[in-house]
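Under numbering that gives the first Met the number 0, the letters of the sequence shown match residues 0 to 354, in that order. Please read the structure below before turning to the comments.
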Amino acid sequence: MAGIVDWHNHWFSPRVVELFSRRTRVPRIVENEKGEKFFLSREGGIGLAQLPIALGFLSVEERLRRLDASGVERQVISWPTTLGTDALLSAEEAKPLWKAYNEDLSALVEAHPDRLLGLAILPTSDIEWAAVELERAHRELGLLGATLPVGAFFTLEGARKLAPIFEVAQRCRSHLYLHTGPASPAIPGQLRFPDAGLEEPGRQRWLLDSYTQFAGAIFTLTLTGFLKPYPDVTIQIAMLGGSISFLVEGIEDYAHRSGQGPADPRSALRRVYLDTGVVGRGPRALALAAETFGADRLLFGSDYPLVDIAPNLRAVEEADLSSHERRQILVGNGEALLASKVRAASKKPGTAVLL
Numbered sequence: 000m001a002g003i004v005d006w007h008n009h010w011f012s013p014r015v016v017e018l019f020s021r022r023t024r025v026p027r028i029v030e031n032e033k034g035e036k037f038f039l040s041r042e043g044g045i046g047l048a049q050l051p052i053a054l055g056f057l058s059v060e061e062r063l064r065r066l067d068a069s070g071v072e073r074q075v076i077s078w079p080t081t082l083g084t085d086a087l088l089s090a091e092e093a094k095p096l097w098k099a100y101n102e103d104l105s106a107l108v109e110a111h112p113d114r115l116l117g118l119a120i121l122p123t124s125d126i127e128w129a130a131v132e133l134e135r136a137h138r139e140l141g142l143l144g145a146t147l148p149v150g151a152f153f154t155l156e157g158a159r160k161l162a163p164i165f166e167v168a169q170r171c172r173s174h175l176y177l178h179t180g181p182a183s184p185a186i187p188g189q190l191r192f193p194d195a196g197l198e199e200p201g202r203q204r205w206l207l208d209s210y211t212q213f214a215g216a217i218f219t220l221t222l223t224g225f226l227k228p229y230p231d232v233t234i235q236i237a238m239l240g241g242s243i244s245f246l247v248e249g250i251e252d253y254a255h256r257s258g259q260g261p262a263d264p265r266s267a268l269r270r271v272y273l274d275t276g277v278v279g280r281g282p283r284a285l286a287l288a289a290e291t292f293g294a295d296r297l298l299f300g301s302d303y304p305l306v307d308i309a310p311n312l313r314a315v316e317e318a319d320l321s322s323h324e325r326r327q328i329l330v331g332n333g334e335a336l337l338a339s340k341v342r343a344a345s346k347k348p349g350t351a352v353l354l
């Protein structure tokens, strides 16, 4: 199918690899005797303690080969907040890293404007700096918006700390991507999980914990009125929004019986986009999300290069969806969203979006 847009994938920029390789404590990049690189982190049970850095994280040539082989036309690239860097780095450590990453990403998408687009990475350890960097990402770097760790949005108290970022995002009509991972310890109200015990399957425990975080973030963003001042900000939530699709009927029931919250919770929940992510490989989960939120609120995402693109494409094909719904998820929704960003950018003098 022509025109497929992949909204969930990650990249390590050259300068960030160099800067993390210089560090002597986590988070850092190490190399073994075979020349293989690994990203080391720890974050109290959420995320990856050791990530092998596959070639696709580093090589644009390899990335483009995989896109061609899979039939994907474009990717919107982001930093993998799953690594827990936001919770581990101080503001003074994070700012030079993310400034370098955003500039490298800008150069990458400028070199491949017909294939690649980008989202800046912002620290939650210095919100004022992050807001300024988001404006720079739009006005100087030609990026679409930014990536933030979903952990910051588990409660309204935490989300409100990020209001300066959202104020800039509204002016710039940003696309904000909430991806797996905890925020800076300075952000209140985060859900903290213990490490999986020795007898527990750790990655499955991480999946359960992450599903809870995503559902909580969607609740905060859509059912509390937080997003009301920011109507022009588009929000993307990874991993099909975690467990939210399983909870919607219960949320509606409580709303009708209690009279609290939006009168029509399902319509309010549709304020955000969900991406298929790595967990979108479950065809039944994907079909449920489409039934619950509407296929027009789903974006295709592969989680490349953590996993290959092909299994996620197969999941969309195998899910109980109409051909129109499949095309919406793979092509139509992404094209419409990108087109809206081009129109928004054309209204802001001095802004270049590389499309």
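A virtual CB, placed ideally from N, CA and C, is assigned to each residue, including glycine. This structure is a prediction, so every number in the text was calculated from the model and none was measured.
Rounded straight-line distance, which links the Cα of residue j to that of residue i
| i | j | result |
| --- | --- | --- |
| Gly43 | Gly83 | Since pLDDT at Gly43 reaches only 42, below the 50 mark, its modelled position is unreliable, and no value is offered. |
| Leu96 | Leu18 | 7 Å |
| Asp67 | Thr23 | 38 Å |
| Pro264 | Phe292 | 11 Å |
| Ala294 | Trp6 | 15 Å |
| Ile330 | Arg283 | Before going on, a small fix: residue 330 reads as Val here, not Ile. One C-alpha to the other measures close to 20 Å. |
| Trp205 | Phe299 | 22 Å |
| Leu54 | Ala254 | 48 Å |
| Ser266 | Asp274 | 18 Å |
| Ala151 | Lys227 | 18 Å |
| Arg191 | Pro181 | 8 Å |
| Asp113 | Val4 | 11 Å |
| Ser379 | Leu115 | Shown here, the chain extends from 0 to 354; a query on residue 379 therefore has no answer. |
| Glu109 | Asn31 | 33 Å |
| Ser244 | Ser69 | 28 Å |
| Gln189 | Val315 | 32 Å |
| Glu251 | Thr154 | 20 Å |
| Val247 | Gln212 | 15 Å |
| Ile236 | Arg62 | 23 Å |
| Lys160 | Val149 | 13 Å |
| Asn101 | Pro310 | 29 Å |
| Ser40 | Asp85 | 11 Å |
| Gly281 | Leu287 | 10 Å |
| His137 | Cys171 | 7 Å |
| Gln327 | Ala262 | 28 Å |
| Leu297 | Arg270 | 11 Å |
| Gln203 | Ala1 | 35 Å |
Contact check, residue i vs residue j, beta carbons under 7 Å
| i | j | result |
| --- | --- | --- |
| Leu140 | Leu118 | no |
| Glu317 | Ala289 | no |
| Ile234 | Leu285 | no |
| Pro230 | Phe56 | no |
| Arg207 | Val167 | Strictly speaking, residue 207 in this sequence is Leu, with Arg absent from that position. In this structure, Val167 does not lie closer than 7 Å to Leu207 by Cβ. |
| Gly157 | Ile186 | yes |
| Trp10 | Ile52 | no |
| Thr221 | Leu268 | yes |
| Val29 | Ala99 | no |
| Ser124 | Ala162 | no |
| Ala214 | Ser242 | yes |
| Val232 | Ser321 | no |
Beta-carbon separation (whole angstroms), residue i vs residue j, contact threshold 8 Å
| i | j | result |
| --- | --- | --- |
| Gly276 | Leu239 | 7 Å |
| Thr81 | Ile120 | Actually they are not in contact, since the Cβ atoms of Thr81 and Ile120 sit about 12 Å apart, beyond 8 Å. |
| Pro184 | Leu88 | The pair is not a contact, with the Cβ atoms about 11 Å apart (cut-off 8 Å). |
| Ile164 | Ala216 | With 8 Å as the limit, Ile164 and Ala216 do not qualify as a contact, their Cβ atoms being about 15 Å apart. |
Neighbour-count burial assignment, residue i, 16 or more Cβ in a 10 Å radius
| i | result |
| --- | --- |
| Gln259 | exposed |
| Ser209 | buried |
| Gly46 | The predicted model places Gly46 with a pLDDT of 45, which falls under 50 and marks its position as unreliable; any figure quoted below should be read in that light. Per the 10 Å Cβ criterion, buried. |
| Gly34 | exposed |
| Glu91 | exposed |
| Ala335 | exposed |
| Val341 | exposed |
| Leu197 | Note that Leu197 scores a pLDDT of 48, beneath 50, so its modelled location is shaky and nothing firm can be said. |
| Glu72 | buried |
| Arg65 | buried |
| Ser20 | exposed |
Identity of the residues DSSP links to residue i by a beta bridge
| i | result |
| --- | --- |
| Thr23 | Thr23 pairs with nothing; no bridge assigned. |
| Val29 | Phe37 |
| Leu118 | Gly144 |
| Thr233 | His174 |
| Tyr272 | Gln235 |
| Val330 | Answer is none; Val330 lacks a bridge partner. |
| Ser89 | Paired residues: none, contrary to the question. |
| Val75 | Leu116 |
| Asp5 | Gln74 |
| Gln49 | Leu39 |
| Tyr253 | For Tyr253, which the question treats as bridged, DSSP gives no partner whatsoever. |
| Tyr303 | Asn8 |
| Leu298 | Asp274 |
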